[in-house]
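A short worksheet on the structure shown next.
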Amino acid sequence: MVKNKEIFPREGAFIMGRVVDIQAQYIYVDLPDYDGLPSEETARGMIHISEISSRWVKNIRSVVRIGQRLVLRVVKVVPDKGQIDLSLRRVNSAQKALIAKEHKYANKFENLLQFLTEMDGIDLTLDQAYELIGWPIKEQFDLYQETVEALKEEGQEILDEFDNIPDDIKKAFLKVINENVEVSTVNIIGKIRLMNRSGDGINKIKDTLKEVMKVVEKPKETRKINLLYIGAPFYRLEIISKDYLDAESILSDAIEVLENTTQQNNGSFEFIRD
224 MVKNKEIFPR EGAFIMGRVV DIQAQYIYVD LPDYDGLPSE ETARGMIHIS EISSRWVKNI
284 RSVVRIGQRL VLRVVKVVPD KGQIDLSLRR VNSAQKALIA KEHKYANKFE NLLQFLTEMD
344 GIDLTLDQAY ELIGWPIKEQ FDLYQETVEA LKEEGQEILD EFDNIPDDIK KAFLKVINEN
404 VEVSTVNIIG KIRLMNRSGD GINKIKDTLK EVMKVVEKPK ETRKINLLYI GAPFYRLEII
464 SKDYLDAESI LSDAIEVLEN TTQQNNGSFE FIRD
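FYI, the numbering for the sequence shown is 224 to 497, going by our numbering.
Structure representation (structure tokens):
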């Protein structure tokens, strides 16, 4: 279960639900992330047999089972009645993967707030932690994954934007984040053979390396370039990023900088990938 600011999901949203009852024409699904009506323990939705699959379904139980967790799309919401119509067939495999991953990070975010409430000297309930710090931070981002990773990378800067959060709570929350959040990274490593035989070749090589470092404008632990002198004329290049697609893009930009600057400075270079 992940706490949600709204008591009902919005129409068109993709959500997680758990199958609790299967009838001839309908499946009933609990939505524990939403409170629902005051008379309900949790919001509950319904999937009509026509919304289970794009193909004809003879037996619903051959498609779903009691207790199964599903990624669903919200078709219609009538808040006054607590009515939530859901669809399984309108969710593709990519959306299922994205929502499942997002739900994992939503749980992670809630756990961070829970850990905060359990720290010595912090007098907050989970609901209060959400209101004071959780929702204000989450509203700055589209996804929970973005939220959690940004807190790890730029937690101090993010918290500094909120004057209403006491300093002791900011400090405690940063400690929780640093101890409990790890952002996975990938790297690309290689050697640069860089030469310039002109009179001021050393300075031109230094200038070239400085330009390479500028490829990542705001470097951080999860996105940066490292350069290390190995021994003339070789330098070790390491690119760190959260995914290979971005890392390859950084490498491409770095090589373009090497080409342009060495050409302008009448030098030469070679990149040897490990």
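Every residue gets a Cβ at the ideal spot worked out from N, C-alpha and C, and that includes glycine.
CB of residue i within 8 Å of CB of residue j, strictly
i           : j           : result
residue 414 : residue 446 : no
residue 294 : residue 323 : yes
residue 438 : residue 473 : yes
residue 272 : residue 249 : yes
residue 448 : residue 462 : yes
residue 349 : residue 355 : no
residue 416 : residue 492 : yes
residue 335 : residue 392 : no
residue 277 : residue 296 : no
residue 268 : residue 308 : yes
residue 443 : residue 358 : no
residue 373 : residue 364 : yes
residue 389 : residue 300 : no
Limits of the unbroken beta strand (DSSP E) element including residue i
i           : result
residue 308 : 306 to 310
residue 298 : 292 to 301
residue 242 : 237 to 245
residue 451 : 447 to 454
residue 252 : 249 to 254
residue 461 : 457 to 464
Given residue i as reference, the closest of the options once Cα atoms are compared
i           : options               : result
residue 298 : 401, 461, 403 and 234 : 234
residue 425 : 404, 397, 456 and 406 : 456
residue 342 : 467, 395, 314 and 495 : 395
residue 481 : 440, 430 and 358      : 430
residue 465 : 389, 384, 487 and 368 : 368
residue 265 : 240, 484 and 496      : 240
residue 291 : 254, 380, 382 and 393 : 254
residue 375 : 358, 332 and 392      : 332
residue 305 : 485, 321, 263 and 478 : 263
Whole-angstrom C-beta distance between residue j and residue i, which should lie under 8 Å
i           : j           : result
residue 230 : residue 257 : 6 Å
residue 404 : residue 371 : 6 Å
residue 237 : residue 318 : 6 Å
residue 226 : residue 353 : 6 Å
residue 418 : residue 490 : 6 Å
residue 312 : residue 242 : With a Cβ gap of about 15 Å, residue 312 and residue 242 do not count as contacting.
residue 397 : residue 378 : 5 Å
residue 381 : residue 360 : 6 Å
Residue i, enclosing alpha helix (DSSP H) - first and last residue
i           : result
residue 469 : 467 to 487
residue 378 : 367 to 383
residue 429 : 424 to 436
residue 397 : 390 to 403
residue 316 : 316 to 340
residue 359 : 358 to 361
For residue i: DSSP bridge partner residues
i           : result
residue 491 : 418
residue 353 : BP columns for residue 353 are empty, so no partner.
residue 271 : 249
residue 443 : 446
residue 496 : 413
residue 266 : 254
Below-8 Å beta-carbon distance, residue i vs any chain D residue
i           : result
residue 383 : Although the question refers to chain D, the structure presented lacks it and comprises just one protein chain.
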